[in-house]
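**Q**
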Amino acid sequence: MAIGPAFDSAAVARDQAERPAGGRLARGWWGWLVGGVRYVLMTLAALFFIIPFLWMFLASFKPQLEIFQYIYPLNWKTFIPQTWTLENYRGLMALNPFPFTHYIANSVFVAVAVTLSSLVVNAMAAYAFARLDFPGRNVLFALFLSTMIIPFEALAIPLYLEMKTLNWVDTYQALIVPWIANALGIFLLRQFFLDIPRDLVDAARIDGCSHLSAFRYVVIPNAIPALITFALIRFQASWDAFFWPLIVAPGPEKRVVQVAIATFATEVQTQWGLTFAASTFATLPIILLFLLLQRYYVRGVVMSGLKG
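Note that my numbering has the sequence shown beginning at 604, numbered continuously upward.
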């Protein structure tokens, strides 16, 4: 009598042991299939964004007449120059009244100045909204956020009149000062500061730190990813700015790189070789910065939304 149940139990055990193996095999094949499709889609998406930049970069080494010569039908000649030349880059260095490096230097100075000043001002404002208790704090924060829905084009004329009143037209001040305060930056940094345990700030306050000292020695060291994220956003926004610099600094002395690129297009023709060479110069700094700081950028964006 004991042999039958023992035999049945062994058979059931073997059957149960075999089923998960088949299930694991099926799940393994399904996982490989899903993973393969995912990587194919991501590769196609990456190529969709990379190919235009690759074509622009290689076209900057082509003579003017060859740039669109093999554009259709699409083939390897579309990308690889048949005649390699540095004439477009030499042309950038021979621009009048200033070489293209002058406009790059202007953009670097303005972008760095905007980034550093924005970090200081917006981080302090975000700390105030996150950790200081004062009447009307939430209302004031809501007013700051409401400015994000106002298009910049609606503010351009009033801002320009202010710059003209201050005699700042065609100066670095006009390119820097209006960009310092930023509602999005205050929001992102405030969200990150809320994620820092309040006990750390309270302990620093009990030990005799002022709010400024607690902000400097406690909050800032714990908010490096968010600060780098915001710095990248502000640097890119300032570097890519075109509309405001075109209005407020049209002269060649304070001209930034994006406005300088636009001057290569005239009513008669567009100097595509110079345009692509200049666009390559304008694109590389942003790409290099993102590649160097991307892990901080991703972490800062993710963690800035943890608390509301």
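Here a beta-carbon is modelled for each residue, glycine too, at the ideal position from N, C-alpha and C. Note that the structure is a prediction, hence the values are computed from the model and not measured.
Work out the CA separation of residue 631 and residue 604 for me, nearest whole Å.
**A** Unreliable placement is indicated for residue 604, whose pLDDT of 43 sits below 50; the coordinate value is still reported in the next sentence. Approximately 42 Å, taken between the alpha carbons.
**Q** What residues are listed by DSSP as bridge partners for residue 868?
**A** According to DSSP, residue 868 bridges with 873.
**Q** Should residue 662 be labelled buried (16 or more other beta-carbon atoms within 10 Å of its own) or exposed?
**A** Flag for residue 662 reads buried.
**Q** Whole angstroms are fine: how far does the CA of residue 834 sit from the CA of residue 719?
**A** Cα-Cα distance, rounded: 8 Å.
**Q** Is the beta carbon of residue 818 sitting closer than 8 Å to the one on residue 730?
**A** Their beta carbons are under 8 Å apart, which means residue 818 touches residue 730 by this criterion.
**Q** Figure out for me which residue from 850, 785, 702 and 799 has the closest Cα to the Cα of residue 914.
**A** With the chain covering 604 to 911 only, the question about residue 914 has no answer from this structure.
**Q** Take the Cβ of residue 800 as the centre, count every other Cβ of all protein chains shown within 10 Å, and call the residue buried at 16 or more, exposed below.
**A** That one is exposed.
**Q** Thinking just about the alpha-carbon of each residue, which of 768, 665 and 825 is nearest to the one in residue 793?
**A** The option with the nearest alpha carbon to residue 793 is 825.
**Q** DSSP three-state label for residue 843, please.
**A** Helix, per DSSP.
**Q** Got a sec, what are the start and stop residues for the alpha helix (DSSP H) residue 785 sits in?
**A** Note, residue 785: premise wrong, no alpha helix (DSSP H); not H, not E.
**Q** Consult DSSP for residue 639 and reduce its assignment to one of helix, strand or coil.
**A** Residue state, collapsed to three classes: helix.
**Q** Exposed or buried, residue 872, counting other C-beta atoms within 10 Å across all chains shown (16 or more means buried)?
**A** So residue 872 ends up on the exposed side.
**Q** Under three-state DSSP, which class holds residue 856?
**A** Correct three-state label for residue 856: coil.
**Q** Given a threshold of 16 other Cβ atoms within 10 Å of its Cβ, counted over all protein chains shown, does residue 643 qualify as buried or as exposed?
**A** Residue 643 comes out exposed.
**Q** Nearest to residue 821 by CA position, among 797, 866 and 654, is which residue?
**A** When only C-alpha atoms are compared, the closest one is 797.
**Q** Use the C-beta contact count for residue 665: other C-beta atoms within 10 angstroms, 16 or more gives buried, fewer gives exposed.
**A** Residue 665 is buried by the Cβ-count criterion.
**Q** Considering residue 771, what are the terminal residues of the alpha helix (DSSP H) in which it resides?
**A** Segment: none, residue 771 is in no alpha helix (DSSP H) and carries neither H nor E.
**Q** Using only alpha-carbon positions, find the residue among 804, 874, 888 and 812 that is nearest to residue 839.
**A** For the residues 804, 874, 888 and 812, the minimum Cα distance to residue 839 belongs to 888.
**Q** In three-state DSSP terms, what is residue 653?
**A** Helix, per DSSP.
**Q** Is it true that the CB of residue 851 sits closer than 8 Å to the CB of residue 778?
**A** A contact, by the Cβ cut-off of 8 Å.
**Q** How many Å lie between residue 846 and residue 742 at the Cα?
**A** Spanning the two alpha carbons is a distance of roughly 31 Å.
**Q** Out of 775, 844, 877 and 714, state which residue places its alpha-carbon closest to the alpha-carbon of residue 702.
**A** For the residues 775, 844, 877 and 714, the minimum Cα distance to residue 702 belongs to 877.
**Q** What would DSSP say about residue 721, mapped onto helix, strand or coil?
**A** DSSP places residue 721 in helix when its eight states are reduced to three.
**Q** Measuring CB to CB, does residue 791 end up less than 8 Å from residue 831?
**A** Cβ atoms of residue 791 and residue 831: not closer than 8 Å.
**Q** Going by DSSP, what residue range makes up the alpha helix (DSSP H) through residue 665?
**A** No alpha helix (DSSP H) holds residue 665; DSSP gives it neither H nor E.
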